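Per our numbering, the sequence shown runs over residues 1121 to 1520. The beta-carbon is built from N, C-alpha and C at its ideal position, and this holds for glycine as well. As the structure is a computational prediction, the values presented were derived from the model and not from experiment.
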Amino acid sequence: MSNLEALSSQQTVELFKQYVIPNYGRYAVNLVRGEGSWIWDAEGNRYLDLFPGWGCNLIGHCPPRVVQAVQKQVETLVHVPNSWHMQQQGEWAKLLSDRSFGGQAFFCNSGAEANEAAIKLARLHHGPQRYKIITFEGGFHGRSLATTTATAQPKYHEGLGPLVAGFLYAPHGDLNAVKELIDDETCAIMIEPVQGEGGVRIPPASYLKGLRELADQHDLLLIFDEVQTGCGRTGKWFGYQYFDVTPDVITLAKSLCGGVAAGAMMTTAEIAPSLRPGMHAATFGGNPIAAAAGIATIETIEEEGLLENVVSLSEFFKSRFEELKTQCQWIREIRTAGMMVGVELDVDGTPVVQKCLERNLLINCTQGNVIRLLPAMNLSMEQAEQGCDVICEVLSALQP
1121 MSNLEALSSQ
1131 QTVELFKQYV
1141 IPNYGRYAVN
1151 LVRGEGSWIW
1161 DAEGNRYLDL
1171 FPGWGCNLIG
1181 HCPPRVVQAV
1191 QKQVETLVHV
1201 PNSWHMQQQG
1211 EWAKLLSDRS
1221 FGGQAFFCNS
1231 GAEANEAAIK
1241 LARLHHGPQR
1251 YKIITFEGGF
1261 HGRSLATTTA
1271 TAQPKYHEGL
1281 GPLVAGFLYA
1291 PHGDLNAVKE
1301 LIDDETCAIM
1311 IEPVQGEGGV
1321 RIPPASYLKG
1331 LRELADQHDL
1341 LLIFDEVQTG
1351 CGRTGKWFGY
1361 QYFDVTPDVI
1371 TLAKSLCGGV
1381 AAGAMMTTAE
1391 IAPSLRPGMH
1401 AATFGGNPIA
1411 AAAGIATIET
1421 IEEEGLLENV
1431 VSLSEFFKSR
1441 FEELKTQCQW
1451 IREIRTAGMM
1461 VGVELDVDGT
1471 PVVQKCLERN
1481 LLINCTQGNV
1491 IRLLPAMNLS
1501 MEQAEQGCDV
1511 ICEVLSALQP
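This is how it looks when you write it as structure tokens:
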């Protein structure tokens, strides 16, 4: 057990002010313990968390199988480099392959790293003359310089120029715009099956299939950034299965290991050799702890029937908020894809998040006016009802 003296929320805030770079906007709350969809602060207050771990805790806080797997693993082997074989990493890759399109995995530590690997793979696969990648307005792909450039949102580019060459942006949902951007130097199309940070934006019907056709026609790699949609969040193992379109590459992170840091890029056995030795690496990628957690996460989802639970919960959230929409004129649109829920408002959503926090409910606002929920797959219906009650009451009392 740690010998650290327990600090209050305010004491922790002061500690951060002195020693931690202030590059995050943080709530003045010190969270100390979590279980399922509940989380507690240093003062013992309990919160219902409908945005657990920024989407990382898809099977709740401290999922028992993951906790047990990690505890067991750290007793035998914490880390070895990828110059050696590890059974756990191989078994984990097989489980992911069997549930996806049967490809091979590269393991890393985050979504940005997974997307960096996909960008490198696309350029290496087609050679130096084909380096351009088409991405989409409103998308989000990470915080490294290349993935920030891939993110077609100018607010993330401010002060960082010159950006990485080769990224072209198309309006989300406009197939003709994508066609016009393709030339002899294009190597890939990169898109989130559902835009997460962009406000739970679901593509128009057949749009992803249209991108697949364009990729096939022009010999491009179709890359799906599944950092948010992957690992069961949509009610399918991967987001591409939700839309019945198979990409050449998928990138994963966030919920991949039940809250333990990890990322992965998966591609077909035919394309994988393009990421040849020496061209990319991640020192901690696929380490024994992450692999054990990743295996336990898959086991949890399957043994507890959580994919089925996602479907019923998603239907509940959609119907509850659609009903509220008929009563609140400032609700513009409801968008759901499994455990991705977006409630777009005609007004600023930031006060809604604060009011919910005051009532011990944790949610998110993105793009300024979209209330975003990324609930755990094992959220109970009672908890879903409780959370919706609070959100509905806060939205109903809103004074636009």
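If I follow the unbroken alpha helix (DSSP H) through residue i, where does it start and stop?
i: A1189; result: 1184 to 1194
i: K1137; result: 1129 to 1139
i: G1359; result: 1359 to 1363
Looking at C-alpha atoms only, which residue of the options is the closest neighbour of residue i?
i: E1464; options: R1479, E1478, L1444; result: L1444
i: I1491; options: V1473, L1197, E1211; result: V1473
i: E1424; options: S1500, F1344, F1171; result: S1500
i: V1186; options: I1511, M1460, A1381; result: A1381
i: G1068; options: V1140, K1356, G1293, E1211; result: With the chain represented from 1121 up to 1520, any question about residue 1068 goes unanswered, as that position is not in the structure.
i: S1394; options: N1498, P1184, L1244; result: L1244
i: R1219; options: Q1130, E1419, A1504; result: E1419
i: N1521; options: Q1487, T1417, Y1327; result: Examination of residue 1521 is not possible in this model, given that the chain is present from 1121 through 1520 alone.
i: D1466; options: L1427, A1308, K1475, I1454; result: I1454
i: Y1289; options: E1428, T1388, M1310, N1429; result: M1310
i: E1435; options: M1459, G1279, T1446, G1469; result: M1459
i: Q1361; options: L1340, G1406, G1405, E1312; result: E1312
i: T1387; options: I1421, L1280, V1133, L1216; result: L1216
i: P1172; options: H1181, V1200, N1165, T1371; result: H1181
i: P1495; options: N1489, Q1506, G1488; result: Q1506
i: L1342; options: I1239, G1469, L1135; result: I1239
i: I1370; options: L1427, E1346, P1142; result: E1346
i: A1126; options: Y1147, D1304, R1153; result: R1153
i: G1156; options: Q1131, K1137, P1184, Q1130; result: P1184
i: L1301; options: L1340, L1493, G1281; result: L1340
i: D1303; options: H1338, Y1276, L1170, V1140; result: H1338
i: T1456; options: E1502, L1197, W1204, I1322; result: I1322
i: D1205; options: G1405, R1146, T1486, S1432; result: The amino acid occupying residue 1205 in the given sequence is His; Asp does not appear at that position. When each option's Cα is compared against that of H1205, the closest is G1405.
i: L1241; options: L1170, C1307, I1483, K1475; result: C1307
i: T1132; options: N1150, I1141, Q1449; result: N1150
i: I1391; options: G1462, V1200, G1247; result: G1247
i: M1385; options: K1137, Q1224, Q1207; result: Q1224
i: G1462; options: N1407, K1275, K1475, F1437; result: F1437
i: E1211; options: W1158, Q1130, R1146, T1417; result: T1417
i: R1452; options: M1497, L1515, V1430, V1431; result: L1515
Kindly indicate which three-state DSSP category residue i falls into: helix, strand or coil?
i: C1228; result: strand
i: I1391; result: coil
i: E1233; result: helix
i: H1245; result: helix
i: M1121; result: Residue confidence for M1121 is low, a pLDDT of 40 falling below 50, so the modelled location carries little weight; the figure read from the coordinates is stated next. In this structure, M1121 counts as coil in the three-state DSSP scheme.
i: K1356; result: coil
i: L1341; result: strand
i: W1158; result: strand
i: V1510; result: helix
i: L1151; result: strand
i: T1371; result: strand
i: G1173; result: helix
i: A1266; result: helix
i: L1518; result: coil
i: A1384; result: strand
At which residues does the beta strand (DSSP E) containing residue i begin and terminate?
i: R1166; result: 1166 to 1169
i: K1438; result: Per DSSP, K1438 belongs to no beta strand (DSSP E); it is in the alpha helix (DSSP H), 1426 to 1445.
i: D1218; result: That residue, D1218, is in no beta strand (DSSP E); its alpha helix (DSSP H) goes 1207 to 1219.
i: E1422; result: Where E1422 is concerned, there is no enclosing beta strand (DSSP E), although the alpha helix (DSSP H) it sits in stretches over 1408 to 1423.
i: I1179; result: Segment: none, I1179 is in no beta strand (DSSP E) and carries neither H nor E.
i: T1255; result: 1252 to 1256
Checklist entry - Would you call the region 1349 to 1365 and the region 1188 to 1196 touching, i.e. three or more CB-CB distances under 8 Å? => result No, the region 1349 to 1365 is not in contact with the region 1188 to 1196.
Checklist entry - What alpha helix (DSSP H) runs, 4 residues minimum, are completely inside the region 1457 to 1508? => result If we require 4 residues or more, the alpha helix (DSSP H) runs fully inside the region 1457 to 1508 come out as 1470 to 1478.
Next on the checklist: To test your reading of the DSSP string, which unbroken beta strand (DSSP E) runs of 3 or more residues are found completely within the region 1269 to 1337?
Outcome noted: Counting only runs of 3 or more, we get 1287 to 1290, 1306 to 1311.
Next on the checklist: Does the contact criterion of 3 or more C-beta pairs under 8 Å hold for the region 1373 to 1388 versus the region 1172 to 1181?
Outcome noted: In this structure the region 1373 to 1388 lies against the region 1172 to 1181, because at least three pairs of beta carbons, one per stretch, are closer than 8 Å.
Item to check | the region 1251 to 1259 touching the region 1302 to 1319, judged by at least three CB pairs closer than 8 Å | outcome: They touch, by the three-pair rule.
Next on the checklist: Count Cβ pairs between the region 1479 to 1488 and the region 1405 to 1414 that sit closer than 8 Å; are there 3 or more?
Outcome noted: Judged by Cβ distances under 8 Å, the region 1479 to 1488 makes no contact with the region 1405 to 1414, as fewer than three pairs qualify.
Item to check | At least three beta-carbon pairs within less than 8 Å, the region 1398 to 1405 to the region 1329 to 1344 | outcome: The region 1398 to 1405 makes no contact with the region 1329 to 1344: fewer than 3 CB pairs, one atom from each, lie closer than 8 Å.
Next on the checklist: Using 8 Å as the cut-off, can you tell me whether the region 1233 to 1252 makes contact with the region 1280 to 1288, which would need three or more C-beta pairs spanning the two stretches below that distance?
Outcome noted: Segment contact: the region 1233 to 1252 against the region 1280 to 1288, three or more CB-CB distances shorter than 8 Å; contact assigned.
Checklist entry - Is it true that the region 1264 to 1281 meets the region 1222 to 1238, where meeting means three or more beta-carbon pairs spaced less than 8 Å apart? => result They touch, by the three-pair rule.
Next on the checklist: Using a Cβ distance threshold of 8 Å, determine whether the region 1203 to 1220 contacts the region 1352 to 1361, with at least three qualifying pairs required.
Outcome noted: Contact between the region 1203 to 1220 and the region 1352 to 1361 is present, because at least three Cβ pairs lie under 8 Å.
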